[in-house]
Amino acid sequence: MVDFRSLRRMGHFLAVAEEGHFGRAAARLGLSQPPLTAQIQALEAELGVRLLERGRGGTRPTREGEALIPILRRIVEDAKRAEALALELRAGRHAPMAMACVTSALFGFLPPLARALRALRPDAALGVQEMDTTDSLEALRRGEVDFALVRLDAAHPPFGVQPLGADRLLAALPEGHRLAAGDGALELAKLAEEPLVALPRSISPAYFDRQVQACRDAGFEPRAMREAGSAMAQLAFVAAGFGVALVSSGIAQLRPPGVAFRELAGRVTAVGVALAWNTERETDAARLAREAADLAFGTGMG
8 MVDFRSLRRM
18 GHFLAVAEEG
28 HFGRAAARLG
38 LSQPPLTAQI
48 QALEAELGVR
58 LLERGRGGTR
68 PTREGEALIP
78 ILRRIVEDAK
88 RAEALALELR
98 AGRHAPMAMA
108 CVTSALFGFL
118 PPLARALRAL
128 RPDAALGVQE
138 MDTTDSLEAL
148 RRGEVDFALV
158 RLDAAHPPFG
168 VQPLGADRLL
178 AALPEGHRLA
188 AGDGALELAK
198 LAEEPLVALP
208 RSISPAYFDR
218 QVQACRDAGF
228 EPRAMREAGS
238 AMAQLAFVAA
248 GFGVALVSSG
258 IAQLRPPGVA
268 FRELAGRVTA
278 VGVALAWNTE
288 RETDAARLAR
298 EAADLAFGTG
308 MG
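To convert, count from 1 in the sequence shown and add 7; that's the working numbering.
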């Protein structure tokens with residue numbers, strides 16, 4: 008049974024911690040100060056630790072209070088989402104669908120899939136979280152999302168994989184680079200002596216391995232690889248002149264300033280975007296997403 012009194016007290020504590028002052032927090036919450044103080048004291052009694060301490064500069068969390076803030080904030084936010092969902096369900100609406108999406112699929116793949124989902128179920132809400140492939144699969148494993156757009160090109164048990172289309176690699180170069188301009192496609196071998204900015208293999212092993220293999224097929228090993236924590240950081244590093252990168256055609260659609268893109272000779276392929284779901288805990292939303300993917304991309308339901 009959810010104790011909403013405790014949840015309210017957690018919210019009150021967070022307000023005081025954020026404001027650094029009981030009076031300002033009370034005004035923000037629409038309370039007088041004595042009841043707010045009583046609520047904090049009750050929460051401290053429940054948790055068995057002192058949460059706040061007062062000083063000349065105002066009120067600040069104790070060491071224990073500081074450690075609990077991130078957890079309590081998540082609990083309060085989850086409670087708000089649960090309350091909002093309950094209101095939706097009481098109104099007869101479908102439960103919202105939750106999905107994860109890699110950055111490079113946000114433009115070419117997410118919009119048509121979202122449109123197809125709305126066509127199939129107009130009254131359903133869709134929540135999207137931007138995640139890399141590894142984190143998306145973990146979110147699917149834990150049941151935090153119903154389906155995901157990821158970089159996979161083969162079965163990956165316990166996850167079902169429905170490829171949505173082929174992709175290719177492009178060269179991303181700093182503007183003004185000697186290879187940034189030119190007629191025709193760029194031979195990948197011409198990047199052999201260039202430092203390469205890449206995403207960590209842990210983000211998407213298949214995508215990383217395909218890039219390395221493309222370099223080897225062109226006759227060289229990637230040199231002085233610099234890791235970027237996200238696709239956006241990868242493009243920023245290229246713009247800053249730290250190196251060149253091999254990127255998917257999807258991420259190239261961002262066209263950030265300072266970066267020039269060149270087609271690669273031979274249309275070097277990348278690991279494509281696929282719809283993924285957890286076959287061990289498949290939801291109605293995941294089944295609907297597979298139908299929407301077939302409608303949007305003509306993939307055939309897998």
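By construction, the Cβ of each residue, glycine as well, lies at the ideal position given by its N, Cα and C atoms.
These numbers come from a predicted model, not from an experiment.
From the DSSP output, in three-state form, read off residue 234 for me.
-> strand
Please state if the CB of residue 156 and the CB of residue 280 are separated by a distance shorter than 9 Å.
-> In this structure, residue 280 places its C-beta atom within 9 Å of the C-beta atom of residue 156.
If you draw a straight line from the C-alpha of residue 272 to the C-alpha of residue 304, how long is it?
-> 26 Å
Is residue 104 helix, strand or coil when you go by DSSP?
-> strand
For the stretch 243-303, list the alpha helix (DSSP H) runs that are entirely contained and at least 4 residues long, ordered along the chain.
-> 256-259
How big is the Cα-Cα spacing for residue 309 and residue 106?
-> Summary for residue 309: the model assigns pLDDT 44, below 50, so the residue's position carries little reliability, and this model does not support an answer.
Limits of the unbroken alpha helix (DSSP H) element including residue 165 = From DSSP, residue 165 is part of no alpha helix (DSSP H); its letter is neither H nor E.
Run through DSSP, which three-state label would residue 205 get?
-> strand
Extent of the continuous beta strand (DSSP E) run through residue 158 = For residue 158, the uninterrupted beta strand (DSSP E) run begins and ends at 154-158, by DSSP.
According to DSSP, residues forming a beta bridge with residue 117 | None, per the DSSP bridge assignment.
Alpha-carbon to alpha-carbon, residue 146 and residue 196 = 38 Å
DSSP three-state call for residue 229: helix, strand or coil?
-> Note: residue 229 maps to coil in three-state DSSP.
Near residue 8, which residues of its chain fall below 7 Å by C-beta distance, leaving aside the five closest residues on each side in sequence?
-> Legend: pLDDT at residue 8 = 44, less than 50; position of this residue unreliable, value from coordinates given subsequently. Excluding residues within five positions, none has a Cβ falling inside 7 Å.
Unbroken beta strand (DSSP E) runs of length 3 or more, entirely within the stretch 19-56: which are they?
-> If we require 3 residues or more, the stretch 19-56 turns out to have no beta strand (DSSP E) run fully inside it.
For residue 131, which three-state DSSP category applies?
-> coil
Other residues of its chain near residue 313: CB distance less than 8 Å, five sequence neighbours each side excluded | What is shown of the chain runs 8 to 309, which leaves residue 313 out entirely.
How close, in whole Å, do the beta carbons of residue 296 and residue 174 come, if the pair is a contact with beta carbons under 8 Å?
-> Rounded, the Cβ-Cβ distance is 19 Å, inconsistent with contact.
Residues near residue 29 in its chain [Cβ-Cβ closer than 7 Å; skip 5 each side] = Around residue 29: 23, 40, 43, 44, 66.
According to DSSP, is residue 60 helix, strand or coil?
-> Strand, per DSSP.
In chain order, what residues of the same chain lie with their CB nearer than 6 Å to the CB of residue 135, ignoring the 5 residues before and after it?
-> 106, 108
Taking the C-alpha atoms as reference points, what is the distance between residue 120 and residue 224?
-> Spanning the two alpha carbons is a distance of roughly 34 Å.
Check the C-beta distance from residue 186 over to residue 269 and give it rounded, since I have them as a contact under 8 Å.
-> 7 Å
Proximity of residue 206 and residue 188 at Cβ, strictly below 9 Å | no
Kindly indicate which residue of 248, 232, 222, 283 has the alpha-carbon position closest to the one of residue 275.
-> 222
Under a three-way DSSP split, which group does residue 149 fall into?
-> Residue 149: helix per DSSP, three-state reduction.
DSSP-derived helix/strand/coil call for residue 79 | helix
With a floor of 3 residues, list each beta strand (DSSP E) that falls wholly inside the stretch 173-206, ordered by position along the chain.
-> Whole beta strand (DSSP E) segments, 3+ residues: 202-205.
Coarse secondary structure for residue 305, derived from DSSP in three states | Taken through DSSP and simplified to helix, strand or coil, residue 305 comes out as coil.
In angstroms with no decimal places, state the Cα-to-Cα distance between residue 257 and residue 190.
-> Straight across, the Cα-Cα distance linking residue 257 with residue 190 is about 22 Å.
By DSSP, does residue 66 sit in helix, in strand, or in coil?
-> strand
Going by DSSP, what residues sit across from residue 137 in a beta bridge?
-> 108
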